[in-house]
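Novice:
Protein chains: 2
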Amino acid sequence: MSRKGISKKDRQDNLLEKLHSDPFVTDEELSEAFHVSIQTIRLDRLELAIPELRERIKNVAENNYSKVKSLHGGEIVGELIDLDLGKSGMSILETDKSFAFEKTDVVKGQHIFAQAESIAIAVIDASVALIGVANIKYKNPVFAGDKLIAKAEVTRTRGNKYFVWVFIKVKQVEVFRGKFLLVSFNTDNSKED
Amino acid sequence: MSRKGISKKDRQDNLLEKLHSDPFVTDEELSEAFHVSIQTIRLDRLELAIPELRERIKNVAENNYSKVKSLHGGEIVGELIDLDLGKSGMSILETDKSFAFEKTDVVKGQHIFAQAESIAIAVIDASVALIGVANIKYKNPVFAGDKLIAKAEVTRTRGNKYFVWVFIKVKQVEVFRGKFLLVSFNTDNSKED
DNA sequence: TTAATATTAGCACTAGGTACTAAAACTAAT
DNA sequence: ATTAGTTTTAGTACCTAGTGCTAATATTAA
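Line by line, the protein sequences give chains X and A. Under this note's numbering, the letters of the first sequence match residues 1 to 193, in that order. Under this note's numbering, the letters of the second sequence match residues 1 to 193, in that order.
1) Suppose the cutoff is 6 Å on Cβ atoms and the five residues either side in sequence are ignored; what does the same chain contact list for X/K139 look like?
2) So A/Y162 contacts chain X; which residues on that side make the cut at Cβ distance below 8 Å?
3) Alpha helix (DSSP H) containing A/A150: first to last residue?
4) How many angstroms separate the CA atom of A/T40 from the CA atom of A/L53?
5) X/G178: buried (16+ other C-beta within 10 angstroms of its C-beta) or exposed?
6) Helix, strand or coil, according to DSSP, for X/I38 in the structure here?
7) Counting only C-beta atoms, is A/G109 closer than 7 Å to chain X at any point?
8) As an exercise, report each continuous beta strand (DSSP E) stretch of at least 3 residues that is fully enclosed by the region 77-125 of chain X, in chain order.
9) Which bits of chain X does A/K58 rub up against, with CB to CB less than 7 Å?
10) Within this structure, are the beta carbons of A/V154 and A/K87 separated by less than 7 Å?
11) Considering only the beta carbon of each residue, do A/R156 and A/F163 sit closer than 7 Å?
12) Below 7 Å between beta carbons: does that hold for X/Q110 and A/F180?
13) CB-CB under 8 Å to X/D13, same chain, minus the five flanking residues each way: which ones, in chain order?
14) Hey, A/F99 and A/I57 are a contact pair by Cβ (cut 8 Å); roughly how many whole angstroms apart?
15) Taking 6 Å as the limit between beta carbons, can you name the residues of its chain near X/D44, skipping five residues before and five after?
16) Quick one: Cα of A/T26 to Cα of A/P51, how far?
17) State the Cα-Cα distance for the pair X/E79 and X/S91, rounded to the nearest angstrom.
Structure representation (structure tokens):
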């Protein structure tokens with residue numbers, strides 16, 4: 001190994017790590033951080049097939065643009081594959097490492113819950129439903145990579161209240177079940193506050 | 001108004017709309033779309049204080065990077081303000097329109113659930129806990145802008161099982177309560193699969 | 001000492017701009 | 001129609017964060 005600084009291999013390993021945790025660093029900043037010339041950094045990126053800063057930023061923007069929308073935005077969590085409005089519905093959610101705890105690869109409950117909630121809302125009417133009460137059981141842990149299949153069924157309707165059961169399975173094995181009480185608002189004439 | 005094409009005002013209105021729905025368009029593409037020179041587009045952007053393409057992309061990337069992380073990533077949902085490990089904890093989550101349904105401004109259950117789940121996990125130990133069973137009640141709707149204050153308390157411990165109650169309030173009014181059963185893994189010696 | 005590998009340097013070129021000046025075209029009012 | 005004002009177009013120099021290339025210099029291993 002060289003006496004001045006670290007070896008090429010080590011530098012490239014560090015480079016990968018650094019850019020993974022912060023994709024917003026320029027070659028110049030990297031060259032200063034590693035005490036090498038800017039050309040060395042560029043050769044490293046070439047070898048490791050890491051795109052330039054602007055491409056990296058664009059990738060982050062494009063990837064997360066849709067991700068945030070589907071998580072945070074108005075859309076359903078998971079892919080809607082069947083819907084009989086007012087009666088039943090199904091959705092599929094393909095999980096990956098980003099849904100899970102790093103150490104255990106166990107998918108966080110919030111994502112399973114989000115899929116269940118959103119299919120429950122979808123079978124009623126996404127725009128005007130609010131969750132009232134949910135009675136939830138996680139039967140088995142879900143791991144990153146598992147494909148979650150959620151089934152929702154409306155069991156009772158009373159006025160603007162809907163009772164919806166949601167079951168989620170992974171390879172025929174039930175991992176979640178929950179009863180959702182949804183209350184629909186009358187957005188048209190509800191200015192009596 | 002000019003006979004060739006549209007007025008300046010209309011073009012600028014359209015420009016704002018277009019860039020809002022798709023921030024990834026270059027000045028050149030815009031100049032072609034509006035049948036004006038590239039300089040006109042740049043003058044328009046200057047007047048409307050719209051940054052250049054690269055800045056726009058960077059903004060999208062930076063905004064969503066943290067959002068996705070806090071929603072999707074390993075961190076806690078909400079801001080941890082108090083923690084007595086193994087006993088109790090508190091967190092605050094400030095909501096905005098992005099947490100809510102567009103039409104009703106009602107905050108989605110998944111976000112409230114995520115805050116509750118993550119404070120429950122935090123009081124045990126974020127790295128090795130998994131949610132087992134949750135018994136949930138939403139007492140009152142939460143609206144965009146509300147500040148959610150979550151309190152978690154460990155009520156019972158039995159082996160690697162923990163019972164945690166979580167209450168969430170908005171201005172002293174309880175909006176959520178839930179009982180979480182957390183099961184901690186022994187990641188050190190769990191290779192007996 | 002020689003050969004191979006790693007690093008640095010320099011140059012031309014690129015996209016997608018900014019900042020500025022100047023000319024041309026269109027519009028409205030007298 | 002002429003003048004004044006606004007709007008649009010054109011062109012130049014400059015910027016960042018690069019690519020792609022060639023060539024020279026260091027460093028290391030045999």
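Note that CB positions come from ideal geometry on N, CA and C, so glycine has one too.
Specialist: Straight from the coordinates:
1) E174, V175
2) In chain order: nothing, as chain X lies at least about 14 Å away.
3) First-last for A/A150: 147-158, but that is the beta strand (DSSP E), not the alpha helix (DSSP H).
4) 16 Å
5) buried
6) helix
7) Answer yes: the Cβ-Cβ gap between A/G109 and chain X drops below 7 Å somewhere.
8) List check, beta strand (DSSP E) in window: 79-84, 88-94.
9) I57
10) yes
11) yes
12) no
13) none
14) Actually they do not touch by this definition, with Cβ atoms about 25 Å apart.
15) Q12, L15
16) 11 Å
17) X/E79 and X/S91: Cα-Cα distance of roughly 5 Å.
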